Amino acid sequence: MSEPVKPDPEADALFEIVRQRYGDRLTLEQLEELRKIVRAQVEAARTIRPVRLTNADEPMQRFAPYREEPPLTFDPLTFDPLTFDPLTLPSPQRGERDAP
Amino acid sequence: MIFTPVRELAGLVRARKVSPVELAELSLDRLERLGPKYNAVVTVMREHGLTQARRAEGEIAAGDYRGPLHGIPYGAKDLLATAGAPTTWGAAPYKDQRFDFDATVIRKLEEAGAVLVAKLAMIELAGGMGYRQPTASFTGPCINPWDANAWTGGSSSGSGAAVAAGLVPFAIGSETWGSILSPAGYCGLAGLRPTYGRVSRHGAMALCWTLDKLGPLAQTADDCGLVLDAMAGSDPKDPTASDRPYRYDAADRKEFSFGVITNVTDGCEDAVAENFARSLGVLRKMGTVEEVTLPDLPYEQITRTILQVEAASAFEDLIESGGIAGLTAPEDRTTPYARDAILAKDYLKAMRLRGVMAREIDRVLGRFDALVAPGRINEAPVLGQEFRSAISATAKDVMGAVGNGAGLPAVCVPNGFGARGLPTGIQFMGRAWEENTILAAARVYQSLTDWHTRHPKFG
Chain A
2 MSEPVKPDPE ADALFEIVRQ RYGDRLTLEQ LEELRKIVRA QVEAARTIRP VRLTNADEPM
62 QRFAPYREEP PLTFDPLTFD PLTFDPLTLP SPQRGERDAP
Chain B
751 MIFTPVRELA GLVRARKVSP VELAELSLDR LERLGPKYNA VVTVMREHGL TQARRAEGEI
811 AAGDYRGPLH GIPYGAKDLL ATAGAPTTWG AAPYKDQRFD FDATVIRKLE EAGAVLVAKL
871 AMIELAGGMG YRQPTASFTG PCINPWDANA WTGGSSSGSG AAVAAGLVPF AIGSETWGSI
931 LSPAGYCGLA GLRPTYGRVS RHGAMALCWT LDKLGPLAQT ADDCGLVLDA MAGSDPKDPT
991 ASDRPYRYDA ADRKEFSFGV ITNVTDGCED AVAENFARSL GVLRKMGTVE EVTLPDLPYE
1051 QITRTILQVE AASAFEDLIE SGGIAGLTAP EDRTTPYARD AILAKDYLKA MRLRGVMARE
1111 IDRVLGRFDA LVAPGRINEA PVLGQEFRSA ISATAKDVMG AVGNGAGLPA VCVPNGFGAR
1171 GLPTGIQFMG RAWEENTILA AARVYQSLTD WHTRHPKFG
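Line order of the protein sequences matches chains A and B.
Heads up: the first sequence begins at 2 in this note's numbering, then just goes up one per residue.
Heads up: the second sequence begins at 751 in this note's numbering, then just goes up one per residue.
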């Protein structure tokens, strides 16, 4: 017999989102497994939330405004590393065409 | 020629004592004959490889020698786009996927004269859906050349198996959290995770935009440096690829300072801890070894939260459409649904804490050439069983969380064998952009030990 799981209102409420969105494609067993995973995620969040940050601690993710500047294709003959702005280019995984 | 390091092969090729076509034939024969035995290969690229090898042979004969990778065969993890073969991402829903261009890394290696002979097996979607077992690939579990009942590690599983079994002299893998160091450690290889941004990700499957790195697996740390030299550099097609110049520096270095995180072997198997303790004895001959305590931060939770959210977003279409039902591992078919329940605020908190983590670890690392730790906590897991992992929060991996969360380079090299006769490893992790420093340390370590000269007999 497994130990009864203690109620966790926050985790249960978040799990309810998962159940609402995907419950129709999951078995009861799978849903119970997902409930445990959501609880673990909430536990992880609870270790992150109390760490104090200052107002100046920004997410470590660079953002820059986008403006398309033709030509977007790389031409080694005209490429100038001094004036090149990489943020005007498409995402690295996108190639000449998207994956199917 | 089998198990001969790239540097030695390069000398033979340059002196025209060995022909690139011979080398390609040897690799292709082994890939076709032994690849299926290890579930290591998705596509053998015989025609493509022989064409590149003949071209290399002609160029070298004409005196146009490009460098140490010229005429050397290699395999690429099957998440790198290649125009001449399917790119399956290790996952059944993408098994017929084709791209009409080459990933930047493939192109750069071609420019260095390397010969692509195979697309190598991998854990489906690079393990980002929460897999807990070696079978999580549509090509089956990768079998460790050291033991037919053991896994290679993942997610660059085929890259580990193929190099360890002597099918190719080197291979390209990727790491979001552990996917290069794990197969390197479990298969007794050198595996290098470069600094985030050192290598262009253009044409590589995106799992987590802010965590994904591409790097080599080879017989020695020195070989990893030779390969990184060809892979590294800025790329107009990847804004995150750094324009910091990189040239591999293989010059000898004598004095090093190493840090060891307090209690870093907690949770390790006994043999792993013993081998690491013996390795520290070797490192003391190379310089100083000092215990260090990291600031108290939830490192694993920070990196895990970022990984889970970014992977769920990168594969939003596959998840929301129910397409994940076509994945191989049962847990990969359902686990991603739970990530809808991670709050945006918690993800952003993790991203803000990541900055704190990066600054704190840089402050610690500033005192050392490298932090050292066991490569893995255990020997390679047994096939057919669930394994413990930091990503699923069933194992500790502070070094992996910090290293990947802060985008730091690390190299893993073999340092002994465990109770089941499988390799164990030691990792050297450095400050951002210090690949040459950690490679120098690993190279000296390998010059003082002979673990990297031992190879599996199986196969």
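Ideal placement from N, C-alpha and C gives every residue a C-beta, glycine not left out.
Bear in mind the structure is a predicted one, so any value in this text is a computation, not a measurement.
TODO: Answer yes if the stretch 908-916 of chain B comes into contact with the stretch 1100-1118 of chain B, meaning at least three C-beta pairs across the two stretches below 8 Å, and no otherwise.
DONE: no
Task: Terminal residues of the beta strand (DSSP E) in which B:Asn1165 lies - done: Ala1160 to Phe1167
- [ ] Pull out every residue of the stretch 6-39 of chain A whose Cβ sits closer than 7 Å to any Cβ of chain B, in chain order.
- [x] Leu15, Phe16, Ile18, Val19, Arg22, Tyr23, Arg26, Leu27, Gln31, Glu34, Leu35, Ile38 and Val39
Task: C-beta atoms of B:Ile822 and B:Ala864 nearer than 7 Å - done: yes
- [ ] Using a Cβ cut-off of 7 Å (strictly closer), state whether B:Gly1076 contacts chain A.
- [x] no
- [ ] Using three-state DSSP, classify A:Glu97 as helix, strand or coil.
- [x] With a pLDDT of 45 at A:Glu97, under the threshold of 50, the modelled position of this residue cannot be trusted, and the question is left open.
Task: Contact list for A:Glu59 against chain C, beta-carbon separation under 8 Å - done: Judged by its chain identifiers, the structure shown contains no chain C, and its protein chains are A and B.
Open item on the list: Using a Cβ-Cβ distance cut-off of 7 Å, determine whether B:Ala842 contacts chain A.
Closed with: no
Open item on the list: With the cut-off set at 7 Å, would you say B:Leu1115 and B:Arg1054 are in Cβ contact?
Closed with: no
Open item on the list: Less than 6 Å between C-beta atoms, sequence neighbours within five positions excluded: which residues of the same chain meet that for B:Val977?
Closed with: Phe920 and Pro966
Task: Cβ separation of B:Phe1006 and B:Asp1119, assumed to be a contact under 8 Å, to the nearest whole Å - done: 5 Å
Task: Residues of its chain near B:Gly1031, where Cβ-Cβ distance is below 6 Å and the 5 sequence neighbours each way are ignored - done: none
TODO: In the DSSP assignment, find the alpha helix (DSSP H) that holds B:Val1032 and state where it starts and stops.
DONE: Asp1020 to Met1036
TODO: Report the rounded CA-to-CA distance for B:Gly1171 versus B:Ala934, giving the unit in angstroms.
DONE: 16 Å
Task: Close beta carbons around B:Val1042, own chain, < 8 Å, minus the five adjacent residues each side - done: Gly1009, Val1010, Ile1011, Thr1012, Val1114, Arg1117, Phe1118 and Leu1121
TODO: Could you tell me whether any Cβ in chain B is nearer than 7 Å to the Cβ of A:Glu97?
DONE: Here the model assigns A:Glu97 a pLDDT of 45, short of 50, so the residue's position is not dependable and the matter cannot be decided.
- [ ] Compute the distance between the beta-carbons of B:Ala835 and B:Met795, then report whether it is under 7 Å.
- [x] yes
Open item on the list: Classify B:Ser1071: buried if its beta carbon has 16 or more other beta carbons within 10 angstroms, exposed otherwise.
Closed with: exposed
Open item on the list: Counting only C-beta atoms, is B:Thr1084 closer than 7 Å to chain A at any point?
Closed with: yes
TODO: Would you identify the three-state DSSP class for B:Arg843, choosing helix, strand or coil?
DONE: Note on identity: in this sequence residue 843 of chain B is Pro, with Arg being the wrong assignment. Reduced to three states, the DSSP call for B:Pro843 is helix.
TODO: Give the single residue among B:Arg805, B:Pro1048 and B:Cys958 whose Cα lies nearest to the Cα of B:Gly1157.
DONE: B:Cys958
- [ ] With 7 Å as the threshold, decide whether the Cβ of B:Leu1098 is near any Cβ in chain A.
- [x] yes
TODO: Answer with yes or no whether the minimum CB distance from A:Thr55 to chain B is below 7 Å.
DONE: no
Task: Cα-Cα separation, B:His1205 to B:Ile752 - done: 10 Å
Open item on the list: Under 7 Å, Cβ to Cβ, is there at least one residue of chain A near B:Tyr936?
Closed with: no
- [ ] List the DSSP bridge partners of B:Gln1177.
- [x] B:Ala1123 and B:Cys1162
TODO: For B:Tyr996, decide whether its Cβ has a neighbour in chain A, counting only Cβ atoms nearer than 7 Å.
DONE: no
Open item on the list: What would DSSP say about B:Tyr1087, mapped onto helix, strand or coil?
Closed with: helix
TODO: Pick helix, strand or coil for B:Asn899, following the three-state DSSP scheme.
DONE: strand
Open item on the list: Taking the alpha carbon of B:Ala1130 as the reference point, which residue from B:Gln847, B:Val1022, B:Asp1096 and B:Lys1095 has its own alpha carbon closest?
Closed with: B:Val1022
Open item on the list: Buried or exposed for B:Tyr844, going by 16 or more other Cβ atoms inside 10 Å?
Closed with: buried
Task: Three-state secondary structure assigned by DSSP to B:Glu1040 - done: strand
TODO: Would you please state the rounded distance, in angstroms, between the beta carbons of B:Ile953 and B:Ala853? I believe it to be under 8 Å.
DONE: In the sequence as displayed, the identity of residue 953 of chain B is Gly instead of Ile. B:Gly953 to B:Ala853, Cβ: 3 Å. Contact.
Task: Among A:Gln31, A:Glu11 and A:Asp13, nearest to B:Tyr714 - alpha-carbon criterion - done: There is no way to answer for residue 714 of chain B, as the model of chain B reaches only from 751 to 1209.
Open item on the list: With a threshold of 7 Å between beta carbons, is B:Gln1135 in contact with chain A?
Closed with: no
Task: Cβ pair count under 8 Å reaching 3, the stretch 1140-1155 of chain B against the stretch 1185-1195 of chain B - done: no
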